[in-house]
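Before any comments, here is the structure.
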Amino acid sequence: MTVGVFAGINALVAIGLCILMGYAGQISLGQAGFYGIGAYVSAVLSLHFGLPVVVSLILAMVVAAMVAVILAVPALRLKGHYLAVATLGFGEIIYIILNEWGPGGPSGFGDIPHFSLLGYTITSTTGYFYLIWGLVAVVMIFSLNLIHSRTGRALRAIHDSELASNAMGLDVVELKIKVFILSAVYASLAGGLYAHYITFISPSSFSLFYSILVLMMVIVGGITNLWGAIIGAVVITVLPELLRRFEEFDVLVYGLILTLSLMFFRKGLVPILVEKIKKLRGLAVVKH
Amino acid sequence: MLTVFLQFLFSGLTVGSVYALVGIGFNIIYNATSIINLAQGEFVVIGGLLMWFFTESLKLPFLLSAVLTILSAGLIGLLMERLTIKPLKNADLLLMIMITIAVSIVLRGILMFNFGKDPYVYPPFTEGEPLSIYGAIIQQQTLWVIGITGLCIILLFLFFNKTIVGKAMLACAVNPTAAKLVGINVSRMVMLSFILSAVVGAIGGMAITPISLMEYDKGPMLAVKGFCAAIMGGLGSNRGAVIGGFIIGILESMTAGYIHSGLKDAVALVILLLILFFKPAGIFVSKTMLQLRKF
Amino acid sequence: MKKVRKNFLVVCVVVLSIFLMFVNAYAKEPYKIGALFAVTGAASFLGEPEKNTAIMLQEQINKDGGINGHPLEIIIEDTKSDETQAVLSAKKLLEKDNVLVIIGPSTTGESMALVPIMNNAKTPLISCAAGAPITQPVKERYWIFKTPQYDLSAVEAIYTYMKNKGIDKVGIITISTGFGDAGKKALHEMAPKYGITIVSDERYGPKDSDMTTQLTKIKASGAQAVINWSVGPGQVIVTKNWQALKMGIPLYQSHGWGSKKNIELAGKAAEGVIAPLGRLVVWDKIPDKHPQKALLKKYTQDYEARYKSEPGTFGGHAYDSIMMVAEALKKAGPDKKMIRDYLETKIQKWPGTGGIFNMSPGDHCGLDKDAFEMVVVNNGDWEILK
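Protein chains in written order, with our numbering: chain E, 66 to 353; chain W, 607 to 901; chain V, 52 to 437.
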């Protein structure tokens, strides 16, 4: 059940990254930065300033959005590897700031208030499970609408060819920035929920390692498919639990599973599954 | 004052040389394949740990151990390329990067299994008192590290510019189809680039271990900084990677020395971001060259 | 003829099975305790000896007949030095395995993440991590205990020694992790009490290769001694840098220094390095009459015989936790509240590897600076300073 909660939290981050990567075609190795901003800002606001949790979460998302804008404007002019490094650098800088100046420094801090709304506080894991997956559902509905709207089609156009999109009059830069902000907001929401669930945070949960983990989730699930982000998040969160029995080998096994799945399920689990199901039904699908 | 400044400088040069070698490793593979190999850091760790294994565990003579380490590292690079890169020739570049990340996890797992999580060390290449320049100490091993880095640069320069094989490797990156047309075995060049890159990384690890020890998980940090060095100097330019590496090392040291030691990692990153935002081609590659590269 | 023999065999098997079922019914239920150790990840140097100790002790206790005839079952989970993982593992131990008690985790960060969970589950936690916030404020740590010494105690041991040597200006260099940070805070907090001024405060990261810059600054600041607070390779690198720079002032390490491996890795550079160490590391140098000596000797020799390496201070924390719980189980029975009360009230003048414990409702750790000996490295070996 606890695994389910973490899977849901990770799913939120993964959905954001999936939209950014699969639909807008941008890469980010710094999602942990926004995740961390969400966690720390919401935690500090609710703990030290006594703001209600919901307000803290919203403010955390606002802060993350602002940071995203500041980063996105110069960064999104970059492409490919350069963008990857820029986001990586961003994530690392946030980690260093949290480690150096965050409350408690490397040791972190606790006593973060639980999530509460209208006087009702959630303290049980089951409660958080429903809360977080409920939010995942909301986010998914919103995101799916976005993908199928004009904006979504515009994003796909940008992914395929920025030049053509520009020529057709799309404001490429503005769209890219908006999507970047969206992914940051999702990540910061997840971070805030994480903080209020576990009530103790320290910088070590928000390192490059986490950014790469989220990236793995999106890729394993299938970059071009939003449902893939959720599946990927669940798989990657649950996998270490299943590998517990291997003890020292589990890092090795984890790496091997990732390598093999990347090599053989290239498009990601969801598209592969979808194809298999369609084949089973005897439908011949011509994939574009 | 001068003593203190020089001390900071030497410290920066020491760590900078390793970053430079990692950066060069990135460039070699990038130049031949346009792939960014994020397992590059692991090659450094392999170099250090294997060298320990041959000299301290098997008690083999120094030169023999060095040769064996280099050969082993090359072999590992070869295996990595044959097993994971070659089968995915036409895959998305992004996928390739992810695979290198996954491979780095596997390599780390293997290293942890064989060597545990302990740090390892072996004696410096030459024993003796550190040198003192205007009161600042520079250890003999540091001179070895810098010297070996320099030697690698020279050798690689000669290789890429004066030998057919080297030039062929460069040709592959610019235009694989054209390279094939003139008879270059592109797939062999790719393999060679991985071997070479692994060897360069391993040499760095071999040289730095007597100073800073080596553990199984030093890889990722080195990879990030080495990658920054490569980008700073312009991806693909070895000369740039070296200067980038030294700049990062010295900047870190100076920040720790004159400003605040908690900030040193951040400074290198901030400078990196500034370069990316304002001169993404890096300091030594012109914008046109950047645009000509495919990603 | 065949049928008769077959029937006979069937009857035998049935009788035997019934017999075995009854025997099992009378066999005693195992006492299950959980253990969370950072076997992999950044803190694995803590988790591995802790895990080895747990396995070894479980075998020894069970070979001696268990606890009041009940076998002891220690269910060990790897937290991978990660707080989220620690939470997940703790939940599993509590909800799926229904353990009576949890030993560990290995780091302060992970322990802190578990405090609310253990309090909610009304299950005792005996942490193997050192941070003071784990057991303070005691009012909010009803179910939480720890066996490692306080960082503050280690700092006090150092400062007391320094005061006797007339040192009043020190430079400190700490690692930017939870351990180093706790040490830094403790060093600052205790300094005024012993008339010590910290004239230089430097830091480095866990994977840094060279600390000469920071040490150069300390040298230039006029400090009379340098204190390094870290565990892992950083300790060795700082030591080697200190020697290479010929700093001319003594180097003190934290209690994380207590492992022969460090002397081995630092080589000649380690000569003269001083640190406050738990007696486990120098068991062979303390007088035979000392209450800790016998158990230290047995533990160390058993561990070395089985694992071919020294247990180190960290393995000792697991030893103390497990032995305390074993005693509580024996005397108070398999009840969470009874165990908790036993730990709080009956662990008095209790010799362990970390020191002689005196738990109380006001102190769920029970150790102070007397748990340490000031030790110097001399000729590649430990020597207790008087």
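In this text, a Cβ means the ideal position worked out from N, Cα and C, and glycines have one as well.
- [ ] With hydrogens ignored, establish whether the beta-carbon of PHE365 of chain V is closer than 6 Å to any heavy atom of the ligand MN.
- [x] Ligands are entirely absent from the displayed structure, and the ligand MN is therefore not among its contents.
TODO: Give a yes or no on whether 7 Å exceeds the smallest Cβ distance from GLY192 of chain E to chain V.
DONE: no
- [ ] Give the straight-line distance between the Cα atoms of LEU608 of chain W and LEU677 of chain W, rounded to the nearest whole angstrom.
- [x] 43 Å
TODO: Could you tell me the boundaries of the alpha helix (DSSP H) in which ILE118 of chain V lies?
DONE: Here ILE118 of chain V belongs to no alpha helix (DSSP H), and DSSP marks it neither H nor E.
Open item on the list: Determine, for SER227 of chain V, whether the minimum Cβ-Cβ distance to residues of chain E falls below 7 Å.
Closed with: yes
- [ ] Check whether the Cβ of GLN265 of chain V lies closer than 7 Å to any Cβ atom in chain W.
- [x] yes
TODO: Look at the alpha carbon of GLY807 of chain W and the alpha carbon of VAL610 of chain W, and state the distance between them as a whole number of angstroms.
DONE: 31 Å
TODO: State buried or exposed for MET797 of chain W, treating a residue as buried only when at least 16 other CB atoms are found within 10 Å of its CB.
DONE: buried
Open item on the list: Check whether chain W comes within 7 Å of VAL150 of chain E, counting only Cβ atoms and requiring the distance to be less than that.
Closed with: yes
- [ ] Give every residue of the same chain whose Cβ lies closer than 8 Å to the Cβ of PRO412 of chain V, excluding the five residues on either side of it in the sequence, and list them in chain order.
- [x] VAL189, GLU395 and THR396
Task: Residue burial classification, TYR740 of chain W (beta-carbon count within 10 angstroms, cutoff 16) - done: exposed
Task: Contact set between LEU139 of chain V and chain E, taken where Cβ atoms lie within less than 9 Å - done: THR67, VAL68, PHE71, PRO305 and GLU306
Task: Through-space distance from GLY217 of chain V to GLY403 of chain V, alpha-carbon basis - done: 33 Å
- [ ] Output yes if chain E places a C-beta closer than 7 Å to the C-beta of PHE649 of chain W; else output no.
- [x] no
- [ ] Closer than 7 Å by beta-carbon distance: list the chain E residues that pair up with GLY868 of chain W, in chain order.
- [x] GLU165
Task: Segment contact, 8 Å Cβ cut-off, at least three pairs: the stretch 711-726 of chain W with the stretch 761-776 of chain W - done: no
TODO: Could you work out which residue in E:TYR251, E:LEU323, E:ILE102 and E:THR186 is closest to CYS83 of chain E when comparing CA atoms only?
DONE: E:TYR251
Task: Continuous alpha helix (DSSP H) stretch holding ASP871 of chain W: start and end - done: 870-884
Task: Anticipated Cβ contact below 8 Å, MET169 of chain V with TRP194 of chain V, distance rounded - done: 5 Å
Task: GLY85 of chain V (DSSP reduced to helix, strand or coil) - done: strand
Task: C-alpha gap between ALA76 of chain V and THR130 of chain V, whole angstroms - done: Confidence at ALA76 of chain V is low in this model, with a pLDDT of 47, below 50, so the placement of that residue should be treated as unreliable; the coordinate-derived value is given next. Answer to the nearest angstrom: the Cα atoms are 35 Å apart.
Task: Beta-carbon neighbours of MET827 of chain W, restricted to chain V and to distances below 9 Å - done: GLY256, PRO257, LYS258 and ASP259
Task: Selected residue, minimal CA-CA separation from PRO305 of chain E, among V:LYS359, V:GLU361, V:THR264 and V:LEU139 - done: V:LEU139
Open item on the list: In the DSSP assignment, the beta strand (DSSP E) including LYS220 of chain V goes from what residue to what residue?
Closed with: 220-226
TODO: Write down every uninterrupted run of the alpha helix (DSSP H) in the stretch 740-817 of chain W whose length is 4 residues or greater and which is fully enclosed by it, in chain order.
DONE: 746-768, 770-780 and 782-787
TODO: Output the distance between the C-alpha atoms of PHE265 of chain E and LEU87 of chain V, rounded to the nearest integer angstrom.
DONE: 18 Å
TODO: Can you have a look at SER455 of chain V and say buried or exposed, based on whether 16 or more other CB atoms are within 10 angstroms of its CB?
DONE: A question about residue 455 of chain V goes unanswered here, because the residues of chain V that appear run from 52 up to 437.
Task: C-beta neighbour in chain E for ALA317 of chain V, strict 7 Å - done: no
Task: Minimum C-alpha distance to ARG192 of chain V - residue among V:LYS220, V:ALA208, V:SER372 and V:ASN171 - done: V:ASN171
Task: Those residues which DSSP pairs with TYR625 of chain W across a bridge - done: TYR625 of chain W is not bridged to any residue.
Task: Nearest residue (CA-CA) to LEU176 of chain V, options V:LEU151, V:LEU296, V:LYS83 and V:ALA208 - done: V:LEU151
- [ ] Note down, in chain order, each residue of its chain lying with its Cβ closer than 7 Å to the Cβ of ILE752 of chain W, except the 5 sequence neighbours on either side.
- [x] LEU619 and SER623
- [ ] Mind listing the chain V neighbours of ILE263 of chain E? Cutoff is C-beta to C-beta under 8 Å, in chain order.
- [x] GLU134, THR135, VAL138 and ALA164
Task: Contact set for VAL68 of chain E: own chain, Cβ-Cβ below 7 Å, skip 5 residues either direction - done: THR302, VAL303 and GLU306
- [ ] Would you check if there are 3 or more beta carbon pairs closer than 8 Å linking the stretch 848-860 of chain W to the stretch 872-887 of chain W?
- [x] yes
Task: Contact check, ASP232 of chain V vs PRO171 of chain E, beta carbons under 7 Å - done: yes
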